[in-house]
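Here the protein sequences line up with chains G and V, keeping their order. Going by the working numbering, the letters in the first sequence line up with residues 278 to 488, in that order. Going by the working numbering, the letters in the second sequence line up with residues 432 to 884, in that order.
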Amino acid sequence: MAVLTKSALWDRMKLDVSDESGLVITPLLQPDEALDTDAIDLRLGTHFLVPRISFQPYFCPDDRPGKDVYTRVHIPLGKYLVIPAHQTVLGATLEYLKMPYDVSGQILTKSSVARAFIVIETAPWIHPSYRGCLTLEIANVSNTPVLLYPGRAIGQLVFFRVEPEPEKGLPLKSTYLGPIYPEAPSFKKPQDDLAAIGIRKTWIIDPPHEV
Amino acid sequence: MQKTVEGLRHDAAALRTFIEYLRDFCEEQEKSQAYGPASRQFFEYVRLLGDVTLAYLQPFVEEASNYSTNALLFAVQRQKLVAIKKCWSVLHEYIKPAADAHSLTVPTPLVDLLENQAKRIHGIPSPSLVISATNKVNYFQHPLGNLQELAKNLKKTVPNAPDLPSGLVFISIPYTQGSAVFTNAIMFHEFGHFVFHELDISGQINQQIAQALLDVYQQRLSTMARPGVTFLYQTVLSWAQEMFCDLFAISLIGPAYSFASIDLFSLIGELEASAVVNFGDAHPCDALRFREQLQMLKTAKWWDEVSTLKCEHVSLIEELASYPETKYSYAPQPELVEVFKTITHLLAPLVQQVCSKVDNGLTDFLKWNQGIQDAFANGVVPSTIYRNAVREHPSPLAILNATWFFHLNSLDKLMAKIAGRSSENIKDRSSLSSRLEMWAMKAMEDNRLLSNI
């Protein structure tokens, strides 16, 4: 697995959008500054999902939409979002990506941001052929509130060539296809997930009844 | 009606509570990051107006109490309070819908596009759009006349009352359509109403309407009561205004407007065969409206592109346009249709004159449409396109029309690339259409950023 260099990224960005080897990153602002030798800086987008106090006694990751545990917030460019100490919000990159079929990516917190005790990812891996803005789990692990300005660089993306070369022409995955905002998670029922590995549904404890 | 000073005090106190609520509510919205400049300007206006009105109420009541022994002078003072109440009642209607239209529920890139296109129209002030969310499944432009008149009256009564900011245009969109690209193209029609008033288009056609009424009604017109004649005139003028706005919208954004009209009219059940030839009190029949739109699209060379689409929207426009005029009807006054037919031809030249400096987007569309189609077909936001190895950023207007073209003609292509999705599944179609709208909106937003650099 080799890390793609700046010139390799440029070459892929110039390919036709229908070329499966092609890379799309848009909007690519200040490209000369954004592209480093082996990574590209990504900026913070303008939409967030902020946790709220749920009406439910618990949140069970299941097939029901998890929308009621978040409040959607839009912070226009030029304004800021305050993340209280020890709080986490979902954000997204400003850039929309189309990953090549043979390249994976890993997003990392930009080092200067990390030194402000902000962590942007706990699920940093991006699969080949992914389309969309990247959802960021932005955690303020410091003891003070931190201001985040959409449009500022927040992460860096590293690209890895997948070897041996995967099959071409595979269909796109429909989960999280082409998001431009952070999106609430998508789960199956725990019963279905567990049944798939042979756990009988009758053995599985249902969540407590909702109030 | 208060006849005593005590009654007046009670009334003024109730008014104070009312104004204070609205003033504080607006201050809260003004501080929020969630509104565009026009809405914030409006909220600021209400707050400032609230401050001076609240400050005025106490001295006003004290002054009025001096006249308590003179019924006439006391009544004059009381009228001032009535004027203040009226103004604030009207503001009450505007404030909440404007507050409901925050940045999560407003198609900001389309609003920006509209404001930019409007800047090229000679003779109107640079507009700032205050978007409101309405509970109606329709779009409205709120005539500013009432608000301006009330604001002027208030300035005469309340010392230091601020001026209503100039250039504010209030447009209501259905609260369900906030993030939509497709139907929100109707906003361009609504903006046409503002232009129609500002440029006094009615003044340019009123003689022809009067003449057409005389020609069709002949002697019967002179025997009609004045309200009857006024009704005839106003109805024809209203139809003319609606048609002007249709053609105006096409001049600003091309076929995206006609497609949006079809979607909206379908949604509210207006495009049934039995209804499309019927004129309403405010609108000409849909058959005539689309006939004129088709003609406008042909004149602007847009139809050469639209006619290549293989979709029902195109055949529907052609079908509507082909209804014979003899089928048009307006039940309350059948002859009024004849009057309108004789002045219809005046409207397109007027629109062309008003929009002579506006780019209708066809050139940009031809330049970037293929690139945008390719991007969508591959699930990509089309804000950056490589043409001949050069990075380009399609204009918002090209994105708007190309999105419609993709939606109507090529959604299947994208659907076929996604695992487990089918164009025959309504949920899949609906979610992919919404996704397409999001991509288009994102591309338009990106364009603003990319153009800044």
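Ideal Cβ placement from N, Cα and C applies to all residues, glycine included.
Legend entry - Same chain, Cβ closer than 6 angstroms to SER470 of chain V, neighbours up to 5 away in sequence not counted: Sequence index remark: in the second sequence, residue 470 of chain V carries index 39 (1-based). Within the same chain, SER470 of chain V has close Cβ partners ALA529, VAL561.
Legend entry - Backbone CA spacing between PHE721 of chain V and ASP790 of chain V [nearest angstrom]: Mapped onto the second sequence, residue 721 of chain V falls at position 290. Mapped onto the second sequence, residue 790 of chain V falls at position 359. Spanning the two alpha carbons is a distance of roughly 22 angstroms.
Inset, instruction - Evaluate contact between the segment 797 to 810 of chain V and the segment 825 to 838 of chain V, counting only Cβ atoms and requiring at least three cross-stretch pairs below 8 angstroms. - result: Yes: at least three Cβ pairs fall under 8 angstroms.
Inset, instruction - With a 10 Å radius around its C-beta and 16 neighbouring C-beta atoms as the bar for buried, classify ASN615 of chain V as buried or exposed. - result: The residue given as residue 615 of chain V occupies position 184 in the second sequence. Answer is buried; the Cβ neighbour count reaches 16.
Legend entry - Sufficient close CB pairs (3 or more, under 8 angstroms) joining the segment 397 to 415 of chain G to the segment 358 to 376 of chain G: In short, these stretches touch, since the Cβ pair count reaches three.
Inset, instruction - Could you please tell me which residues of the segment 848 to 880 of chain V, in chain order, have their CB closer than 7 angstroms to any CB of chain G? - result: Taking 7 angstroms as the Cβ-Cβ cut-off against chain G, the residues of the segment 848 to 880 of chain V that qualify are LYS848, ILE849, ALA850, GLY851, ARG852, ARG866, MET869, TRP870, LYS873, ASP877, LEU880.
Inset, instruction - Give a yes or no on whether the minimum CB-CB distance between THR815 of chain V and chain G is below 7 angstroms. - result: In the second sequence, residue 815 of chain V corresponds to position 384, counting from 1. True, the Cβ-Cβ gap to chain G drops below 7 angstroms.
Inset, instruction - Could you name the residues of the same chain whose beta carbon sits closer than 7 angstroms to that of HIS351 of chain G, not counting the 5 residues immediately before and after it, in chain order? - result: Taking the first residue of the first sequence as 1, we reach residue 351 of chain G at position 74. Counting only Cβ-Cβ distances below 7 angstroms, and skipping sequence neighbours, we find THR323, HIS324.
Legend entry - Contact between the segment 552 to 568 of chain V and the segment 597 to 606 of chain V (3+ Cβ pairs under 8 angstroms): Taking a cut-off of 8 angstroms on C-beta distances, the segment 552 to 568 of chain V touches the segment 597 to 606 of chain V, as three or more cross pairs fall below it.
Legend entry - Own chain partners of VAL492 of chain V with C-beta closer than 8 angstroms, once the 5 adjacent residues on each side are dropped: Looking up residue 492 of chain V in the second sequence gives position 61. Shown here for VAL492 of chain V: same chain residues with a beta carbon closer than 8 angstroms to its own, the five before and five after excluded, namely VAL436, LEU439, ARG440, ALA443 in chain order.
Inset, instruction - Quickly, what does DSSP pair GLY299 of chain G with across the bridge? List them, please. - result: For the purposes of this step, residue 299 of chain G is taken as residue 22 along the first sequence, with counting starting at 1. Partner(s): none; GLY299 of chain G has no beta bridge.
Legend entry - Test item: CB-CB of MET727 of chain V and LEU678 of chain V under 7 angstroms: For the purposes of this step, residue 727 of chain V is taken as the residue at position 296 of the second sequence. For the purposes of this step, residue 678 of chain V is taken as the residue at position 247 of the second sequence. For MET727 of chain V and LEU678 of chain V, yes; Cβs fall inside 7 angstroms.
Inset, instruction - Using a cut-off of 7 angstroms between C-beta atoms, extract the partners of GLN464 of chain V located in chain B. - result: No chain B appears in this structure, whose protein chains are G and V.
Inset, instruction - Identify every residue that forms a DSSP beta bridge with PHE807 of chain V. - result: If you number the second sequence from 1, residue 807 of chain V lands on position 376. Paired residue(s): none; PHE807 of chain V is not in a bridge.
Legend entry - Chain-ordered chain V contacts of ARG349 of chain G [CB-CB under 8 angstroms]: In the first sequence, residue 349 of chain G corresponds to position 72, counting from 1. Identification of chain V residues near ARG349 of chain G by a Cβ-Cβ cut-off of 8 angstroms yields LEU535, ordered along the chain.
Legend entry - Three-state secondary structure assigned by DSSP to ASP712 of chain V: The sequence position of residue 712 of chain V within the second sequence is 281, counting from 1. It is coil, neither helix nor strand.
Legend entry - CB contact below 7 angstroms: ASP805 of chain V versus chain G: The residue given as residue 805 of chain V occupies position 374 in the second sequence. Cβ-Cβ to chain G under 7 angstroms: yes for ASP805 of chain V.
Legend entry - Nearest to ALA713 of chain V (by Cα), restricted to the options V:GLN665, V:ILE555, V:HIS573: The residue you call residue 713 of chain V lines up with position 282 of the second sequence. Of all alpha-carbon atoms in V:GLN665, V:ILE555, V:HIS573, the one lying nearest the alpha-carbon of ALA713 of chain V is that of V:GLN665.
Legend entry - Closest Cα partner of ILE636 of chain V within the set V:LYS583, V:GLU876, V:ALA779: As a position in the second sequence, residue 636 of chain V is number 205, starting the count at 1. Per the Cα distances, V:ALA779.
Legend entry - Residue environment, ARG551 of chain V, which counts as buried when at least 16 other CB atoms sit within 10 Å: For the purposes of this step, residue 551 of chain V is taken as residue 120 along the second sequence, with counting starting at 1. Result: exposed.
Inset, instruction - Report yes or no: is there a C-beta of chain V within less than 7 angstroms of the C-beta of THR492 of chain G? - result: With chain G running from 278 to 488 in the structure shown, residue 492 of chain G is simply not present.
Legend entry - Assigned exposure category for ARG341 of chain G - 16 Cβ within 10 Å defines buried: What you label residue 341 of chain G is simply residue 64 of the first sequence in a count that begins at 1. Label assigned to ARG341 of chain G: exposed.
Legend entry - C-alpha distance - LEU881 of chain V paired with SER669 of chain V, whole-angstrom precision: Locating residue 881 of chain V in the second sequence gives position 450, where the first residue counts as 1. Locating residue 669 of chain V in the second sequence gives position 238, where the first residue counts as 1. C-alpha separation (whole angstroms): 42 angstroms.
Legend entry - Straight-line gap, LYS387 of chain G to LEU695 of chain V (C-alpha atoms, nearest Å): Taking the first sequence and counting its residues from 1, the one referred to as residue 387 of chain G is at position 110. Taking the second sequence and counting its residues from 1, the one referred to as residue 695 of chain V is at position 264. About 46 angstroms.
Inset, instruction - Confirm the yes/no value for this check: CB of SER298 of chain G, any heavy atom of the ligand FAD, distance under 6 angstroms. - result: With respect to small molecules bound, the structure shown includes none, and the ligand FAD cannot be examined in it.
Inset, instruction - Taking C-beta pairs closer than 8 angstroms, name the residues in chain G that GLY810 of chain V reaches, listed in chain order. - result: The residue you call residue 810 of chain V lines up with position 379 of the second sequence. What GLY810 of chain V touches in chain G: LYS375, ARG408, LEU449, LEU454, GLY455.
Inset, instruction - Work out the CA separation of ARG438 of chain G and GLU398 of chain G for me, nearest whole Å. - result: In the first sequence, residue 398 of chain G corresponds to position 121, counting from 1. In the first sequence, residue 438 of chain G corresponds to position 161, counting from 1. Taking the straight line from one Cα to the other gives about 21 angstroms.
Inset, instruction - Output, in sequence order along the chain, the residues in the segment 639 to 651 of chain V whose CB is closer than 8 angstroms to any CB in chain G. - result: Taking 8 angstroms as the Cβ-Cβ cut-off against chain G, none of the residues of the segment 639 to 651 of chain V qualify.
Inset, instruction - Could you confirm whether any beta carbon from chain V is found closer than 7 angstroms to the beta carbon of VAL327 of chain G? - result: Stepping through the first sequence from its first residue, residue 327 of chain G is reached at position 50. VAL327 of chain G does not count as touching chain V.
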